[in-house]
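Engineer: The listed protein sequences correspond, in order, to chains A and B.
Going by our numbering, the first sequence opens with residue 145, and the numbers climb by one from there.
Going by our numbering, the second sequence opens with residue 523, and the numbers climb by one from there.
Note that beta-carbon positions come from the ideal geometry of N, C-alpha and C, so glycine has one too.
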Amino acid sequence: MKSGDKSNQNRRLVILYTAPAMIVMALVVLYPFLYNTVISLSNMNLTHFRDWQVKGLSNFSAVLMDRTFWYFFFKTCLWTGLNLIFHVGIGVSLALILNKDIKGKSFYRTLLILPWAVPQYITALTWRGMFNAEYGTINLLLEKIAGIHIAWLSSEWGAFSACLITNIWLGFPFMMIVALGGLQSISDSYYEAAEIEGANAWQKFRGITVPLLKPVMVPAIILGVIWTFNNFNVVWLVSNGGEPSDTTHILVSWVYKAAFTYFRLSYAAAFSMIIFAFLFVFSWRFIKYSRAAENIYG
Amino acid sequence: MFAIYPILCVFSISLRPGDKLLSKSLALIPENATLISYYRLFAEEPFLRWMMNSTIISLAVTLVGVGLAATAGYSFSRHKFKGREASLLGIITTQMFPVTMLLLPMFIMLIKLGLYDSYIGLIIAYSATALPFTVWQMKGYYDTIPYSLEEAAMIDGAGPIYSFWRIVLPLALPALAITALFSFMSAWSEYLVAAVLLQDQNLYTLPIGLKQFTSNMEVAWGLYSAAALLVSVPVVVLFLFLSRWLISGLTLGSVKG
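1. Start and end of the alpha helix (DSSP H) containing M274/A?
2. Heavy atom of the ligand GTP less than 7 Å from the Cβ of M573/B, yes or no?
3. As an exercise, report each continuous alpha helix (DSSP H) stretch of at least 4 residues that is fully enclosed by the region 620 to 661 of chain B, in chain order.
4. Closer than 8 Å by beta-carbon distance: list the chain B residues that pair up with P263/A, in chain order.
5. Hey, is K733/B's beta-carbon within less than 8 Å of any beta-carbon in chain A?
6. Tell me which same chain residues have a C-beta within less than 8 Å of the C-beta of I667/B, skipping the five on either side of it?
7. Rounded to whole angstroms, what is the Cα-Cα separation between K146/A and D678/B?
8. Could you name each continuous alpha helix (DSSP H) segment of 4 residues or more that falls completely within the region 202 to 283 of chain A, going from the start of the chain to the end?
9. Let me check understanding here. Comparing Cα to Cα, which of G273/A, I294/A and I229/A lies closest to F735/B?
10. Rank Q659/B, Y669/B, A749/B and A717/B by C-alpha distance to the C-alpha of R648/B and give the top, closest one.
11. Mind checking if L248/A is an interface residue toward chain B, Cβ cutoff 8 Å exclusive?
12. Which class does S534/B belong to by DSSP, given the choice of helix, strand or coil?
13. Can you check whether the CB of L698/B is closer than 8 Å to the CB of L863/B?
14. Against V718/B, what residues of chain A qualify as contacts under a CB-to-CB distance less than 8 Å, listed in chain order?
15. Got a sec: which bits of the region 415 to 435 of chain A sit with their beta carbon under 8 Å from any beta carbon on chain B, in order along the chain?
16. Would you kindly check if the distance between the Cβ of G368/A and the Cβ of L98/A is under 8 Å?
17. Tell me the start and end of each unbroken alpha helix (DSSP H) in the region 339 to 376 of chain A that is at least 4 residues and wholly inside, in chain order.
18. Within this structure, are the beta carbons of W572/B and T701/B separated by less than 8 Å?
19. So that I know if they touch, is there some Cβ in chain D lying closer than 8 Å to that of G273/A?
20. Starting from P682/B, follow the alpha helix (DSSP H) in both directions and report where the run begins and ends.
21. Between the Cα of V382/A and those of E300/A, F218/A, F318/A and S333/A, spot the shortest distance and give me the residue it belongs to.
22. With a cut-off of 8 Å, does the C-beta of F216/A fall near any C-beta of chain B?
23. Looking at C-beta atoms only, is the number of pairs between the region 310 to 320 of chain A and the region 235 to 242 of chain A that lie closer than 8 Å three or more?
24. How about V158/A: is its C-beta nearer than 8 Å to some C-beta of chain B?
25. Counting contacts by CB-CB distance shorter than 8 Å, is L226/A in contact with chain B?
26. Taking Cβ to Cβ, would you say A709/B is nearer than 8 Å to V621/B?
27. Are the region 422 to 434 of chain A and the region 611 to 619 of chain B in contact at 8 Å, needing three or more beta carbon pairs?
28. Suppose only complete runs of 4+ residues qualify. What are the alpha helix (DSSP H) ranges in the region 700 to 752 of chain B, listed by chain order?
29. Spatial neighbours of E336/A within its chain, please: CB distance less than 6 Å, with the 5 preceding and 5 following residues excluded, ordered by chain position.
30. Since F603/B is in the alpha helix (DSSP H), which residue starts that stretch and which ends it?
31. In three-state terms, what does DSSP make of S609/B?
32. Could you check how far apart the C-beta atoms of Y596/B and Y161/A are, in whole angstroms? I think they sit under 8 Å.
33. Can you tell me which of the three DSSP states S186/A falls into?
34. Measuring alpha carbon to alpha carbon, tell me which of F216/A, P176/A and V262/A ends up nearest V399/A.
35. The alpha helix (DSSP H) with W313/A in it runs from where to where?
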């Protein structure tokens, strides 16, 4: 009797504790998701805002047939790939340095976390100011040091690089912190054993650090890919909404423009579904792949 | 240097007198440094109003976020129930939604509910978007608190509610602090949803207000920089203060998956 009582009480507790959060998420996340699915199948736009009707998959084919979609798709993949390479590269290198016993370690660590702590939109707007061709700090510095002048924000790839640099600055602390946490959990005894066997620094890195860091880094990288792929703020704010002439977009900022500047609502809904589907498939494949790889190593 | 240079730049620009904003000098403390930008921010611009709007919204989001994440995370960590795995995976999936996917229906929904252009609309939107991450974080932290502590309390006759409030929550204080910080920051620095959901100038939050300084034809860099500093310094200090716990929280969460 007593145990039955307890499990009943437990069940009530589960419901009591979980329900509020789940309801809020369902209302604001799940319901919109379903609603979005319906809109994506409809013809809702500025002229059909209230009297819209379901008309099938034509929005999806419209998106997939659109050449700008593929163009921005390519750009988004490039954007995500480059960002992640720099984030992980810089993050892990700094973590390796900070993990050694150097003077003022915690001071440097605090300094290096700063970019993460500043609100993202402020970073983005500030870098936009720094990339200003005439008065921006970056061009002033470049002119002084190398004597070159780059039209950052007025050329397509200049603006792309500006967004990239901004986002690299923003993103490396996260990877650094995660890697640092991972490094600290690796026991020194592995390295001592390797030293006795005569392994050099590179062998130790390949043989101990990389595999043991992997379980920590893989989830962080998956999250990083998702966040970067969908990073609206940096691209939108640095390029001031896609300048010059709507070339500096990734998929999310382009779909935002379609929805809230041109009010092609159903088209934008279908577009969002496609982005989501892509990320979903990618994450699953990546998780599966990294699990499979772990099994091989035992 | 790479990490802090942009911050120094902002500081330097905020001190420049009005006519030197577009200066080509690289000096850190400009000639005739002045606090005029700060003065104008409070006297001539609705900065205080934006600050108040942002504060109200962020505090509300923090309360809702911490309350719901603390309880839901606890259930996910301690109890096995039907749909547990599925819910946890579902929560992660929400992170993959592009913003527009939620924004668009939210926009239409809030218009229909009459919550467009209101505090409540924004508070609901922010709480829901911050929740998935915070629930996972709380769950990850609870997983590290040994269950035996609660068992011992139960043997002494404590009910589950008592042991949650009196034993688990105090131990989870670092995680609660992080969750609070995360919820607060996500509302404090959110630009996009606010840009779509707010029309009324009186309701503008800080991000919308600051963006205005930079997108006018004549960019008000002095005002912008002064405001940017005032907005970031409190959260940055808080963030750095809590970062020690943040580090352990994040890595624990990711190792345990």
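Structural biologist: So, from the listed chains and residues:
1. Here the question's residue 274/A lines up with position 130 in the first sequence. Run containing M274/A: Q264 to M274, per the alpha helix (DSSP H) assignment.
2. As for the ligand GTP, it is missing from this structure, which has no ligand bound.
3. 621 to 635
4. Residue numbering aside, residue 263/A sits at position 119 when the first sequence is read from its first letter. Residues of chain B passing the Cβ test: M707, W710, S711, P729, V753, S754 and V757.
5. Here the question's residue 733/B lines up with position 211 in the second sequence. K733/B counts as touching chain A.
6. Within the second sequence, residue 667/B is the residue found at index 145, counting from 1. Counting only Cβ-Cβ distances below 8 Å, and skipping sequence neighbours, we find V690, L693 and A694.
7. On the first sequence, position 2 is the one that residue 146/A refers to. On the second sequence, position 156 is the one that residue 678/B refers to. For K146/A, the predicted model reports a pLDDT of 43, less than 50, meaning its position is unreliable; a value from the coordinates is still stated below. Looking at the two C-alpha atoms, the distance is approximately 15 Å.
8. 202 to 209, 211 to 243, 249 to 261 and 264 to 274
9. Position 213 of the second sequence, counting from 1, holds the residue named residue 735/B. The shortest C-alpha separation from F735/B is found at G273/A.
10. In the second sequence, counting from the first residue as 1, residue 648/B sits at position 126. For the sequence presented, residue 648/B should be read as Tyr rather than Arg. For Y648/B, the nearest C-alpha among the options comes from A717/B.
11. Sequence index remark: in the first sequence, residue 248/A carries index 104 (1-based). Looking at the sequence itself, residue 248/A is Gly, so the reference to Leu does not match. With 8 Å as the cut-off, G248/A does not count as an interface residue toward chain B.
12. Here residue 534/B is taken as the residue at index 12 of the second sequence, counted from 1. Three-state DSSP puts S534/B in a helix.
13. With chain B covering only 523 through 779, there is no way to say anything about residue 863/B.
14. Against the second sequence, residue 718/B aligns to sequence position 196. Here the neighbours are F404.
15. F415, S416, M417, I419, F420, L423, F424 and S427
16. Nothing can be reported for residue 98/A: it is not among the residues displayed for chain A, which extend from 145 to 442.
17. 345 to 348 and 354 to 373
18. Sequence index remark: in the second sequence, residue 572/B carries index 50 (1-based). Sequence index remark: in the second sequence, residue 701/B carries index 179 (1-based). Cβ atoms of W572/B and T701/B: not closer than 8 Å.
19. This model lacks chain D altogether; the protein chains it does include are A and B.
20. By one-based count along the second sequence, residue 682/B stands at place 160. Where P682/B is concerned, the enclosing alpha helix (DSSP H) stretches over P682 to S685.
21. Within the first sequence, numbered from 1, the residue matching residue 382/A stands at position 238. Among E300/A, F218/A, F318/A and S333/A, the Cα nearest to that of V382/A is on E300/A.
22. Taking the first residue of the first sequence as 1, we reach residue 216/A at position 72. No - not a single Cβ of chain B is within 8 Å of the one on F216/A.
23. yes
24. Numbered from 1 along the first sequence, position 14 holds the residue referred to as residue 158/A. Closer than 8 Å: yes.
25. Residue numbering aside, residue 226/A sits at position 82 when the first sequence is read from its first letter. It does not; no Cβ of chain B falls within 8 Å.
26. What you label residue 709/B is simply residue 187 of the second sequence in a count that begins at 1. What you label residue 621/B is simply residue 99 of the second sequence in a count that begins at 1. Their beta carbons are not under 8 Å apart, which means A709/B does not touch V621/B by this criterion.
27. yes
28. 714 to 719 and 728 to 737
29. Residue numbering aside, residue 336/A sits at position 192 when the first sequence is read from its first letter. Result list for E336/A: empty, nothing under 6 Å.
30. Counting from 1 along the second sequence, the entry for residue 603/B is found at position 81. Where F603/B is concerned, there is no enclosing alpha helix (DSSP H), given that its DSSP letter is neither H nor E.
31. Indexing the second sequence from 1 puts residue 609/B at position 87. Residue state, collapsed to three classes: helix.
32. By one-based count along the second sequence, residue 596/B stands at place 74. By one-based count along the first sequence, residue 161/A stands at place 17. Indeed they touch by this definition, with Cβ atoms about 6 Å apart.
33. Mapped onto the first sequence, residue 186/A falls at position 42. S186/A: strand per DSSP, three-state reduction.
34. Walking along the first sequence from the start, residue 399/A turns up at place 255. For the residues F216/A, P176/A and V262/A, the minimum Cα distance to V399/A belongs to F216/A.
35. On the first sequence, residue 313/A is found 169 positions in, with the first residue counted as 1. It spans E300 to Q328 - the alpha helix (DSSP H) in which W313/A sits, taken as one unbroken run.
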